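Order-wise, the sequence lines are chains A, B and C.
With the first sequence counted from 1, adding 3 to any position gets you our numbering.
With the second sequence counted from 1, adding 174 to any position gets you our numbering.
With the third sequence counted from 1, adding 69 to any position gets you our numbering.
One structure below.
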Amino acid sequence: MRALKAENVKKILQQSKGARVDVDVPLKFKSGDRVLTRNINPLGHTRLPRYARGRQGVIDQHHGVFIFPDTHAANGDKNPQNLYSVRFTARELWGDSASETDKIYMDLWDDYLEPAN
Amino acid sequence: MNGGHDLGGMHGLGPINPEPNEPVFHEEWERRCFALTLACGFLGEWNLDMSRRARERMHPARYLETSYYEHWLIGLQTLLVETGLITEEEIARRMGEIGAEETD
Amino acid sequence: MSDHHEHAHLPDTVLRVKALESLLVEKGLVDPAALDELIDTYEHKVGPRNGARVVARAWSNADYKTRLLQNPSAALAELGFTGRQGEDMVVLENTEKVHHMVVCTLCSCYPWPVLGLPPVWYKSAPYRARAVMDPRGVLKEFGVSLSDEIEIRIWDSTAEVRYLVLPMRPEGTEGMDEESLANLVTRNSMIGTGLPLSPHQIAHQK
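Written as C-alpha cells, this is what we have:
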C-alpha cells in the first residue's frame, strides 16, 4: 500500500462518500410508527447507547440506507439497513422527574428496533 | 459494548468548564496524532467503525482519565499492531531510541 | 541507561507519537507532507466561520434557507462545504418554541466541514453525559437560560448523519449584510449550547 500524498489530501477529504449505501432495503418502519429499542448488550461495537435500550420511541424520519456499524466494525460487512431518526420523550428515558416537554432524538438502524405493542 | 465511552446519563463527572477561545490543538503531539490517525485510516486496513471500536475497548477507568487525543493514540496503536503494520517491540525500541536522543 | 543525565524525559505520550510517526514514515505508510497538509486543513482552513456563512446566508436569503432545510447537503455544497464527517447533513432550525442542542454521547461526532474540529468540552465526559439528561443545566453552565415553555430537542449523533443548528436571527439586525451577520454567529450557537451575538455585543469593525 502507498502513503497518502499531500497533493491528494484535499480531494480525499472533500470527496468522502460517507456511510450511505445506494441499495434499496424494504422499510421496516415509517414516520409516526411507535417503536421499542432492543435490549442488546453486545461485546462488540454498537451505536445503540445503554440509556436508550428497551425504550419506546416514535420514528421521526427515514434517513435512507446506511452501513450498519455493528457488523462493519466486527468484520467489514456493510450489512446496509434503513436508518431512522427516532424521537424519545425525556420522561421515557429518564423517568418522571425529567422534563415534561423535552425530547431526545437519535439515529437508529432497523436491527435496533422492534414495533412497540 | 458497554464500555467507558457509553456516557449518556452518567453522574458525577463534574462541570463542563468550556475553555474560552480554545485552540484547535493544545499540543504538538495532538496535531501529529490527529494527522497520523487520518492518514493511517486512508491505508484501507480498517474502517471508521473499527477505529471507534479500537478506542472503546480500553479499560473504562483509563478512558475517563485520559484525554481525547490519548484515546486516539491508544486506538491507533491497537489498530496498527492488530493489523500487523507495526509490532509492539518496534514501538518500544523506537521510543527508547528517541528518548535517548532527546536527552543527549 | 545513563545515570548522570538530569534532563526531564519526554512524556510517554509524546515519545509514542514520535515513535509511531517515525516507524510509519520509514515503512512508507505515511508521508510527512500529507500529515502537515491534514493538520493545516483542520487547524487553519476548515472551521466555524464556514457554518457562520451558511447561517448568515439563510438569514438573508429566504430561498437559500428553504433549500438548506429541505436538502441540507446540497445547499451546503453550494458554498463548498462538503466532505469528511459532513457527507449527510441535517439542519435544525431554532424557533420561538423549539431549541435544538447536538451531542455525541458515544464519542465526538461533529459536522467537520461547517464547524471544523470539535472543542474539548464537546468531546469530554461531562457534556456527553449531561446533554441528553439535563440540557437545561448544561445550557445554564453556558450562560443560556430558556423559558420552560420552550421545548428542547437534544440530538445524539449515533450514526453518520451530522447536525448543524440554525440559530434564530437576533433582533436589531435588519439591513445588515451577510458578512456582518456572519460575525454574530458563534460556534456554540451552531451546536446549540449558545445563542448568536446581538449587534451591540460585537465591536464595530473599521
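Cβ coordinates follow ideal geometry from the N, Cα and C atoms, glycine included.
Quantities reported herein were computed from a predicted structural model and do not represent experimental measurements.
Outcome for Ile62 (chain A) when other beta-carbon atoms lying within 10 angstroms are tallied against a minimum of 16: Ile62 (chain A) comes out buried.
Please list the partners that Val123 (chain C) has in chain A, where partner means a Cβ-to-Cβ separation under 7 Å. Within chain A, no residue comes near Val123 (chain C); the closest Cβ sits about 16 Å away, beyond 7 Å.
For Glu239 (chain B), count neighbouring C-beta atoms within 10 Å of its own C-beta (all shown protein chains included) and say buried if the count is 16 or more, exposed if not. exposed
Could you tell me whether any Cβ in chain F is nearer than 7 Å to the Cβ of Thr174 (chain C)? Structure shown: chain F not included; protein chains present are A, B and C.
Quick one: using the 10 Å Cβ neighbour count with 16 as the cut-off for buried, is Thr174 (chain C) buried or exposed? buried
Uninterrupted alpha helix (DSSP H) stretches inside the stretch 169-209 of chain C (no shorter than 4 residues): 181-184, 189-192 and 194-199
For Thr40 (chain A) and Leu116 (chain A), which I take to be in contact (beta-carbon distance under 8 Å), what is that distance rounded to the nearest angstrom? 6 Å
Whole angstroms are fine: how far does the CA of Met269 (chain B) sit from the CA of Val288 (chain C)? Since the first residue shown for chain C is 70 and the last is 275, residue 288 (chain C) is missing from the structure and cannot be characterised.
Got a sec? Which residues, its chain only, sit under 6 Å from Leu86 (chain A) by beta carbon, not counting five neighbours each side? His66, Phe69, Asp110 and Trp112
Under a CB-based cut-off of 7 Å, is Asn195 (chain B) close to chain A? Against chain A, the CB of Asn195 (chain B) has no partner CB under 7 Å away; the residue lies outside that interface.
Taking Cβ to Cβ, would you say Val115 (chain C) is nearer than 7 Å to Val159 (chain C)? no
Please list, in chain order, all residues of the same chain as Val89 (chain A) whose beta carbon is under 8 Å from its beta carbon, the five residues on each side excluded. If we look at Val89 (chain A) and ignore the five residues flanking it on each side, its Cβ neighbours are Val38, Thr40, Gly60, Val61, Ile62, Asp63, Tyr108, Met109, Asp110, Leu111 and Leu116.
Alpha carbon to alpha carbon, what distance is there between Lys13 (chain A) and Leu92 (chain C)? 25 Å
7 Å is my cut-off, CB to CB: does Leu46 (chain A) come that close to chain B? Yes, Leu46 (chain A) lies at the interface with chain B (some Cβ there is under 7 Å from its Cβ).
Amino acids of chain B, ordered along the chain, whose beta-carbon sits closer than 9 Å to that of Arg53 (chain A): Asn176, Asp180, Gly182 and Gly183
Can the beta-carbon of Ala198 (chain C) be found closer than 7 Å to that of Met184 (chain B)? Closer than 7 Å, so yes.
Tell me whether the beta-carbon of Asn188 (chain C) lies closer than 7 Å to the beta-carbon of Glu196 (chain B). According to the sequence as given, residue 188 (chain C) is Pro; it is not Asn. The answer is yes: Cβ separation under 7 Å.
Looking at C-beta atoms only, is the number of pairs between the stretch 90-108 of chain A and the stretch 234-250 of chain B that lie closer than 8 Å three or more? no
State buried or exposed for Ile271 (chain C), treating a residue as buried only when at least 16 other CB atoms are found within 10 Å of its CB. exposed
Pull up the CB-CB distance for Leu16 (chain A) and Ala103 (chain C), whole angstroms please, since I reckon it's below 8 Å. 11 Å between Cβ atoms; not a contact.
Between the Cα of Arg229 (chain B) and those of B:Ile260, B:Glu275, B:Asn176 and B:Trp246, spot the shortest distance and give me the residue it belongs to. B:Trp246
Exposure of Glu193 (chain B), with buried meaning 16 or more beta-carbon neighbours within 10 Å: exposed
CB of Ile265 (chain B) within 7 Å of CB of Ala88 (chain C), strictly: yes
Thinking C-beta only, is Met170 (chain C) closer than 7 Å to Ile223 (chain C)? Cβ distance < 7 Å, so Ile223 (chain C) and Met170 (chain C) count as in contact.
Given Arg56 (chain A), which residues of its chain have a CB within under 6 Å of its CB, disregarding the five upstream and five downstream residues? Thr40 and Asn42
Look up Tyr87 (chain A) in the DSSP assignment and give the residues it is bridged to. A:His65 and A:Leu111
Could you check what DSSP says for Ser71 (chain C) in three-state terms: helix, strand or coil? Residue confidence is low: Ser71 (chain C) scores 44 on pLDDT, short of 50, so the model does not pin down where it sits. No coordinate-derived value is stated.
State the Cα-Cα distance for the pair Pro236 (chain C) and Glu276 (chain B), rounded to the nearest angstrom. 50 Å
Output the boundary residues of the beta strand (DSSP E) element that contains Leu117 (chain A). A quick correction: the sequence has Glu, not Leu, at residue 117 (chain A). Element bounds for Glu117 (chain A): Leu116 to Pro118.
Could you check whether Val86 (chain C) and Cys207 (chain B) sit closer than 7 Å to each other, using their CB atoms as the reference points? For Cys207 (chain B) and Val86 (chain C), yes; Cβs fall inside 7 Å.
Can you tell me which residues form a DSSP beta bridge with Asp225 (chain C)? A:Met109 and C:Val172
Tell whether a beta-carbon distance below 7 Å holds between Val255 (chain B) and Glu262 (chain B). yes
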